[in-house]
Amino acid sequence: MRVMVTGGAGYIGSVTSEVLLAHDHDVVVFDNLFQGHRDAVPDTASWVQGDLSSPDQIREAIATYRPDAVMHFAARSLVGESMVQPFPYLRDNVINGLNLIEACVEAGVSRFILSSTANLFGQATSALIDEDTAISPGSPYGESKWVLERGLHWVAEARGLRYASLRYFNAAGASEMRGEHHEPETHLIPLVLQVAAGRRECITVFGDDYDTPDGTCIRDYVHVLDLAEAHVLALTALDQGNRIYNLGNGEGFSVRQVIDTARRVTGKPIPEQIGPRRAGDPARLVASSDLIRRELGWQPRHADLESIIASAWRWQQRFPEGYAN
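Counting in this note's numbering, the sequence shown runs from 136 upward without gaps.
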């Protein structure tokens, strides 16, 4: 198929573009480079610098390349920032996403895959989260993704669009050529590796008195290559109907396990300091991915924490300044 990837210059979008190409799909990347990097886009992908806030730019790109499917990664995605600046998230993520969905329907693009989020379950009371867990977004960012999920449901009912919503937890790791480069960085694994590389003095552990084996929060980390493979599987599965899946490795790793594993992988001491708990941080959040495993045969191939961190460390060692190299 020919797949248009919005946000394909970003972390997960660029790796998914790489994997799509490896599966012999044609890829068209559409990105405004607000958070993405032009050098992250695979050389064999077609490139369109455009903005989803402009329906005309979307229509022109779709008319030019005539994609069979769209994968939508482009979004403002910082949970903490959305709590301080809710309007750009509630406005931009929702309106831009609806602009894209409408343009797809108008042009007869029949397949749409939404990059959704585990933040839909921000107030979850269950430690193991499946697709039947009650939706309770934890931030304006999570709310914006939920609005788009509901929008896709109704567009599918009214206009026959086939869609998948893939709700993933903590994406981590890297391919050989593409990795995580955010400004500012907010994710635990790249922050820990920045300490190992001497770019930060220490890593802060936000609370060590949780009801967990070592007192630190437990989270589900899933390798970005495994996420990308799930998108490829979902693309074909849409022939049999719409899909909603949670994506994780099914295990949780504590903050201290992440730090200790990074010490072993890098051979660096990685100093840490204990900070206060952050408001709203539950002790444990882990995805149940049984549904996509059962229905599509998805199986994370990089599920152990050491291989996830090792891949991110290799990428950081190879590209110490990220895409600024």
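Each residue gets a CB set at the ideal place from its N, CA and C atoms; glycine is no exception.
(1) Quick one: using the 10 Å Cβ neighbour count with 16 as the cut-off for buried, is residue 197 buried or exposed?
(2) Report yes if the CB atom of residue 225 is closer than 8 Å to the CB atom of residue 275, and no otherwise.
(3) Tell me which residues share the same chain as residue 412 and place their Cβ nearer than 7 Å to its Cβ, disregarding the 5 neighbours each side in the sequence.
(4) May I have the straight-line CA-CA distance separating residue 377 from residue 137, to the nearest angstrom?
(5) Who does residue 380 pair with in a DSSP beta bridge?
(6) Does the distance from the CB of residue 304 to the CB of residue 250 come in under 8 Å?
(7) Kindly indicate which three-state DSSP category residue 407 falls into: helix, strand or coil?
(8) Please report the Cβ distance between residue 422 and residue 385, rounded to the nearest whole angstrom; I am assuming they are in contact, meaning their Cβ atoms lie under 8 Å.
(9) Under a three-way DSSP split, which group does residue 443 fall into?
(10) Would you grab the beta carbon distance between residue 239 and residue 187 for me? Rounded to a whole angstrom, and I think it's under 8 Å.
(11) Here's a check: name, in chain order, each residue in its chain whose Cβ is nearer than 8 Å to the Cβ of residue 406, leaving out the five neighbours to either side.
(12) Can at least three beta-carbon pairs, one atom from the region 385 to 402 and one from the region 229 to 237, be found at a separation below 8 Å?
(13) Tell me residue 137's beta-bridge partners as DSSP assigns them.
(14) Along the chain, where does the beta strand (DSSP E) that runs through residue 422 open and close?
(15) Per DSSP, what kind of secondary structure is residue 218 in: helix, strand or coil?
(16) Give every residue of the same chain whose Cβ lies closer than 6 Å to the Cβ of residue 438, excluding the five residues on either side of it in the sequence, and list them in chain order.
(17) If you pair each beta-carbon of the region 242 to 256 with each one of the region 288 to 302, do three or more pairs fall below 8 Å?
(18) Work out the CA separation of residue 292 and residue 144 for me, nearest whole Å.
(19) Rounded to the nearest angstrom, what separates residue 261 and residue 194 at their Cα positions?
(20) Would residue 443 pass as a contact of residue 307 if the rule is Cβ separation under 8 Å?
(21) Which term fits residue 157, buried or exposed, when burial requires 16 or more other beta carbons within 10 angstroms of its beta carbon?
(22) Compare the Cα-Cα distances from residue 408 to each of 441, 332, 327 and report the closest residue.
(23) How is the alpha helix (DSSP H) around residue 93 delimited, first residue to last?
(24) Where in the region 313 to 370 do unbroken runs of the beta strand (DSSP E), each at least 3 residues long, occur, reported from the N-terminal end onward?
(25) With the cut-off set at 8 Å, would you say residue 309 and residue 359 are in Cβ contact?
(26) In whole angstroms, what separates the C-alpha of residue 294 from that of residue 204?
(27) For the candidate residues 316, 169, 272, 190, whose alpha-carbon lies nearest to that of residue 217?
(28) State the Cα-Cα distance for the pair residue 167 and residue 199, rounded to the nearest angstrom.
(29) Please confirm whether residue 321 and residue 418 have their CB atoms less than 8 Å apart.
(30) Kindly give me the distance between the Cβ atoms of residue 255 and residue 281, rounded to whole angstroms, as I take these residues to be in contact under 8 Å.
(31) Just how far apart, CA to CA, sit residue 139 and residue 164?
(32) Between the alpha carbons of residue 184 and residue 362, how many angstroms are there, rounded?
(33) Considering only the beta carbon of each residue, do residue 317 and residue 151 sit closer than 8 Å?
(34) Need the endpoints of the beta strand (DSSP E) that residue 246 sits in, please.
Reading from the atomic positions:
(1) Mapped onto the sequence shown, residue 197 falls at position 62. Flag for residue 197 reads buried.
(2) Against the sequence shown, residue 225 aligns to sequence position 90. Against the sequence shown, residue 275 aligns to sequence position 140. Cβ distance < 8 Å, so residue 225 and residue 275 count as in contact.
(3) Along the sequence shown, read from residue 1 onward, the residue named residue 412 stands at position 277. These residues qualify, in order along the chain: 341, 342.
(4) Within the sequence shown, numbered from 1, the residue matching residue 377 stands at position 242. Within the sequence shown, numbered from 1, the residue matching residue 137 stands at position 2. Roughly 19 Å between the two C-alpha positions.
(5) Counting from 1 along the sequence shown, the entry for residue 380 is found at position 245. BP columns for residue 380 point to 301.
(6) In the sequence shown, residue 304 corresponds to position 169, counting from 1. In the sequence shown, residue 250 corresponds to position 115, counting from 1. Taking 8 Å as the Cβ cut-off, residue 304 and residue 250 do not qualify as a contacting pair.
(7) Along the sequence shown, read from residue 1 onward, the residue named residue 407 stands at position 272. In this structure, residue 407 counts as strand in the three-state DSSP scheme.
(8) In the sequence shown, the residue the question calls residue 422 occupies position 287. In the sequence shown, the residue the question calls residue 385 occupies position 250. About 7 Å separates the beta carbons of residue 422 and residue 385, which is inside the 8 Å limit, making them a contact pair.
(9) Translated into positions along the sequence shown, residue 443 becomes position 308. Three-state result, residue 443: helix.
(10) Residue numbering aside, residue 239 sits at position 104 when the sequence shown is read from its first letter. Residue numbering aside, residue 187 sits at position 52 when the sequence shown is read from its first letter. The Cβ separation is near 12 Å, so there is no contact.
(11) Counted from its first residue, the sequence shown places residue 406 at position 271. Excluding sequence neighbours, residue 406 sits near 330, 336, 337, 338.
(12) no
(13) The residue labelled residue 137 in the question sits at position 2 within the sequence shown. DSSP, once it has assigned bridges, lists 161 as partnering residue 137.
(14) For this step, residue 422 is matched to residue 287 along the sequence shown. Boundaries of the beta strand (DSSP E) around residue 422: 419 to 422.
(15) If you number the sequence shown from 1, residue 218 lands on position 83. Three-state result, residue 218: helix.
(16) In the sequence shown, residue 438 corresponds to position 303, counting from 1. Here the set comprises 384.
(17) yes
(18) Position 9 of the sequence shown, counted from the first residue, corresponds to residue 144. Position 157 of the sequence shown, counted from the first residue, corresponds to residue 292. Taking the straight line joining both Cα atoms gives about 31 Å.
(19) Reading the sequence shown from its first residue, position 126 is the one you call residue 261. Reading the sequence shown from its first residue, position 59 is the one you call residue 194. If I take the Cα positions, the gap works out to 42 Å.
(20) Within the sequence shown, the letter at position 308 stands for residue 443. Within the sequence shown, the letter at position 172 stands for residue 307. The answer is yes: Cβ separation under 8 Å.
(21) Reading the sequence shown from its first residue, position 22 is the one you call residue 157. Residue 157 should be labelled exposed.
(22) Here residue 408 is taken as the residue at index 273 of the sequence shown, counted from 1. 327 is the residue among 441, 332, 327 whose C-alpha sits nearest the C-alpha of residue 408.
(23) Nothing can be reported for residue 93: it is not among the residues displayed for the chain, which extend from 136 to 460.
(24) The DSSP assignment places complete beta strand (DSSP E) segments of no fewer than 3 residues inside the region 313 to 370 at 338 to 341, 356 to 358, in order along the chain.
(25) Within the sequence shown, numbered from 1, the residue matching residue 309 stands at position 174. Within the sequence shown, numbered from 1, the residue matching residue 359 stands at position 224. In contact: residue 309 and residue 359 (Cβ atoms closer than 8 Å).
(26) By 1-based counting over the sequence shown, the position of residue 294 is 159. By 1-based counting over the sequence shown, the position of residue 204 is 69. Computed Cα separation, rounded: 15 Å.
(27) Indexing the sequence shown from 1 puts residue 217 at position 82. It is 272 whose Cα lies nearest to the Cα of residue 217.
(28) For the purposes of this step, residue 167 is identified with residue 32 of the sequence shown, where counting begins at 1. For the purposes of this step, residue 199 is identified with residue 64 of the sequence shown, where counting begins at 1. Distance between the alpha carbons of residue 167 and residue 199: 17 Å.
(29) Residue numbering aside, residue 321 sits at position 186 when the sequence shown is read from its first letter. Residue numbering aside, residue 418 sits at position 283 when the sequence shown is read from its first letter. Result no, Cβ atoms of residue 321 and residue 418 do not sit closer than 8 Å.
(30) Reading the sequence shown from its first residue, position 120 is the one you call residue 255. Reading the sequence shown from its first residue, position 146 is the one you call residue 281. Yes, residue 255 and residue 281 are in contact; Cβ-Cβ is about 6 Å, under 8 Å.
(31) Translated into the one-based positions of the sequence shown, residue 139 becomes position 4. Translated into the one-based positions of the sequence shown, residue 164 becomes position 29. Those two C-alpha atoms are separated by around 6 Å.
(32) For the purposes of this step, residue 184 is taken as residue 49 along the sequence shown, with counting starting at 1. For the purposes of this step, residue 362 is taken as residue 227 along the sequence shown, with counting starting at 1. C-alpha of residue 184 to C-alpha of residue 362: approximately 24 Å in a straight line.
(33) The residue labelled residue 317 in the question sits at position 182 within the sequence shown. The residue labelled residue 151 in the question sits at position 16 within the sequence shown. Inclusion of residue 317 and residue 151 in the CB contact set at 8 Å is not warranted, their separation being larger than that value.
(34) For the purposes of this step, residue 246 is taken as the residue at position 111 of the sequence shown. Membership of residue 246 in the beta strand (DSSP E) is indicated by the continuous run 246 to 252.
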